[in-house]
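Residue numbers (the numbering used here): 34 to 808. Idealized CB from N, CA, C, for every residue including glycine.
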Amino acid sequence: MLVSLALRAQPVAPDPATLDWSPLDAAVRAQIEAEALPGAVIVMGDAQHIWLRRAYGQRARTPVPEAMTPDTLFDLASLTKVVATTTAVMQLVERGRLELDAPVARYWPAFGAQGKGQITVAHLLAHTSGLRASLESSRPWSGTRAGLALVASERPRTPPGSRMVYSDINFIVLGELVQRVSGQALPAYAARHIFGPLGMRDTRFLPPASWRPRIAPTEPFGGTQPLRGEVHDPSARRLGGWAGHAGLFGTADDLARYAQSLLGGQGVKPVLRPSTVRELMQPHSPLDQAPWRGLGWQLEAPLTPDRDALPGVGLIGHTGYTGTGLWIDLVQKRFVVILSHRVHPDGRGNAQPLRRQVLALLSSIAPPLSRARLDAVDPRWASLQRPPVRPEDAPLVSTGIDVLRDQNYAALQGQRVGLITNLTAVDGRGWRTLDRLRHAPGVHLIKVFSPEHGLFRELEGRIPSGTEPLSGLPLLSLYGQVRQPTPEMLRGLDVLVFDIQDAGARYFTYISTLGLAMEAAAKAGLSFVVLDRPNPVGADQVKGPVLDADRLSFTGYTRLPVQHGMTVGELAGLFKDELRTRQPLDVQLTVVPMRGYQRAMRFDQTRLDWIPPSPNLRTLSAALLYPGTAWVEGSNVSVGRGTPRPFAWIGAPWIDGPRLAEMLNRRALPGVSITPVSFTPDAATYQGQVCQGVEIRITQRDVLDAPALGLALVQALQQLWPETFKLERTRDMIGSAQTLQAIRDGRSAQEIEAGWQKVLQEFEGQRRGYLLYGR
């Protein structure tokens, strides 16, 4: 039992096992929609219990789609380092077969060549050996003998113990030490001494062919089919399919059993002594470098709301290149396993946003730990300060909630807060703004409001009010019975806070919710705070027709061009002073601006986590096309809703795709390629019907003119199918009667775009006074 490792965990309220985890489900689905990963399996629990065990998305996308299942096996990648190799090494240390402070050359004499004689076993475990990250890959080699010869020929780049450099070579060496000391190769040793005793029946190196149907594939290497049951890591493949740093396959359930063993769970055989587990928690890398490393594991603060204020000890964790991760909080006595295969099918996914958000959600439900309680776990931690944040780990841009947090929530101190938000509102560390505010000292979050698509940004149609699942706070819909906060909704509040990711187009309704909420706050005498976020398609882009004054609606709150080139904070200033009524709003407005933001940034250049702002704006590419292809959405044309490529696939049963593609390509529209496509939507317009049309791909986003693309699309449809295409139905999206009439009259694109310029120039003059990030 590991009770002696830490203070007994305080009662958790609410009980994680009984919580509604729909916020976590929504976060996973959003990352799948954003194409960050095809699917995932998540298991969470404590030493005795499993709180959550769920599978999401797809196990395989190609060559045949397969649904993810909880018992899917994954290439665990670098989790091999800790689950197999570190555990094996520490067992051998416990038995007196290895010494942490002994030079590696004592056990492998040839390793001591090339100045490596001072490297110890502990240096390898803590990644402080001075060896580089990986083996030579520019020259062909294969086989264990050749690989170990390359290891022996390596020369340290820095003195041992002076610098932490994460290195696969370290663990290739440790895998070899296991064999030299125990007389068993690592796969056999781990099966006998780790996986077998723990009942990890689905964990092993070199999985048999019979397991392959349950294994999540990765990506192709030198062939057309993705790897399945063959290790993804190139060095491990060259070394025969496994090594001390990679090659292990396993399930989330098995990793949960491993975690519960380290936590001292009853009924789970301990694979390491409590004293050994305590040593895993201690920093063994330089304290002025981040992240801190223990013996094999990366060290982090426990999963509590105040973890940002604590030193990075108490939790051991590790991730794998393929998209895997395991975190064990030895103070709060809980764990989380996140297994994904973000490298499938093309190696371009990203598991980091999901990891951050899941860890933040798990942290938000725990009671605060406090520095004093953490130090009481181990007196050696009392002198530790928080490690520095690595520049490569931090976003280039700090959003409004990040800046507000850095200001100790000064703008909200002592106030009763209503928060207008959705799933997109997370900070640079993956925390929901909702959770930051409900844990912020001196801030009293009372109510939560959600816009169109709901709190989890995945619903269509009218949305009822209810209760926010994790906090239990009232959740009031602004896209149900009402679209503006009522006096009753605002009763008991001092301030409304707005934090939602906008899409940068005039007809995206979140900015209408912003304006209507500001009006309601003015009437109720509430102050209004906007936590600013990037314009994802660029706050330097002001394009397209300006909305006619007689066409104001929920999809056109005020007179803006299609691409308004403003952030929500800048729009709030405009709305306050030059509202639809042309009368300034009597509301105390505070905009918390971003730090590090530049107008011309597209979202991916901010290094913030992309969370799709609505069900059909899944990717940044879709958001970039949206100010153009959405022009036809109100008409009898599918814009790809209910398909994998919303706003990139445009079609209808009556369209001839090749003819439409040919006409659009004659326009030589900059920044896009256009090809014929056939698709069948499973929702929205033409649900279940085969549509012919075009696929629009962005080739050079910096020259893309989305409103010009929208104009070309409407013109082509009108010219080719004037009797079928419902041009009049595009009026709300285009917003300009003059533009619509010019299309009807067959005027050229150049003439129509020239007609926009006078009103656009007037808007740009109006806009200039509200810009917060230069011009």
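Proximity of the region 337-357 to the region 403-422 meets the contact definition, three or more beta-carbon pairs being nearer than 8 Å. For G329, the closest C-alpha among the options G356, P386, E252, W360 is that of W360.
Excluding its 5 nearest sequence neighbours in each direction, R692 has C-beta neighbours in its own chain below 8 Å: L753, listed in chain order. Distance from the CA of L470 to the CA of G525, rounded to the nearest whole angstrom, comes to 17 Å.
DSSP places G350 in the strand class (E or B) of the three-state scheme.
A Cβ-Cβ contact shorter than 7 Å links D527 with Q448. With a cutoff of 7 Å on beta-carbon distance, V206 and Y222 are scored as not near each other. For A770, the enclosing alpha helix (DSSP H) starts and ends at 770-777. One thing to note: G433 has its Cβ within 7 Å of the Cβ of V625. For P412, the number of other beta carbons within 10 angstroms of its own is below 16, and it is reported as exposed.
Straight-line measurement puts the Cα of V481 at about 7 Å from the Cα of L506.
Selection P230, A67, T161 evaluated against L320 yields T161 as nearest (Cα-Cα). Restricting attention to beta strand (DSSP E) runs no shorter than 3 residues, the region 533-571 encloses them at 560-564, ordered along the chain. Inside the region 392-474, DSSP marks whole beta strand (DSSP E) runs of 3 or more residues at positions 449-454, from first to last along the chain. Around the beta carbon of R635, a 10 Å sphere encloses 16 or more other beta carbons of the protein chains shown; the residue is thus reported as buried. Distance check between P679 and each of N568, V705, S647, G598 places S647 closest, using alpha-carbon atoms only. Annotation for H477: the continuous beta strand (DSSP E) segment containing it runs 477-483. DSSP places L313 inside the alpha helix (DSSP H), whose first and last residues are 307-313.
By the criterion of a C-beta distance shorter than 6 Å, D287 is surrounded in its chain by M233, D235, T236, once the five residues flanking it on both sides are discounted.
Distance from the CA of A739 to the CA of W464, rounded to the nearest whole angstrom, comes to 32 Å.
K366 counts as buried, since at least 16 other C-beta atoms from the protein chains shown sit within 10 angstroms of its C-beta. Ranked by Cα distance from A749, the options S170, G327, V665 are led by V665. Three or more beta-carbon pairs separated by less than 8 Å are not found between the region 245-263 and the region 50-58, which leaves the two stretches without contact. Annotation: the continuous alpha helix (DSSP H) that includes P660 extends over 653-662. The Cβ neighbour count for S170, taken over all protein chains shown within 10 Å, is under 16; the residue is labelled exposed. Under the 10 Å beta carbon count, V376 is surrounded by 16 or more other beta carbons and is classified as buried. Rounded to whole angstroms, L585 and A605 show a C-alpha spacing of 17 Å. In terms of CA proximity to R628, G807 leads the group T591, G807, R730, T757. Selection Q299, V723, T113 evaluated against G353 yields T113 as nearest (Cα-Cα). P420 counts as buried, since no fewer than 16 other beta carbons sit within 10 angstroms of its beta carbon. Checking the DSSP bridge columns, you'll see Q91 partnered with A100. Beta-bridge pairing by DSSP links Q748 to no other residue. As DSSP reads the structure, T357 sits in a beta bridge with G353, L372. Rounded to the nearest angstrom, the gap between the Cα atoms of V137 and S186 is 14 Å.
Here R490 is buried, its C-beta having at least 16 other C-beta atoms within 10 Å. Short of 8 Å from the beta carbon of R462, and not among the five residues preceding or following it, lie these beta carbons of its own chain, in chain order: D341, R389, A393.
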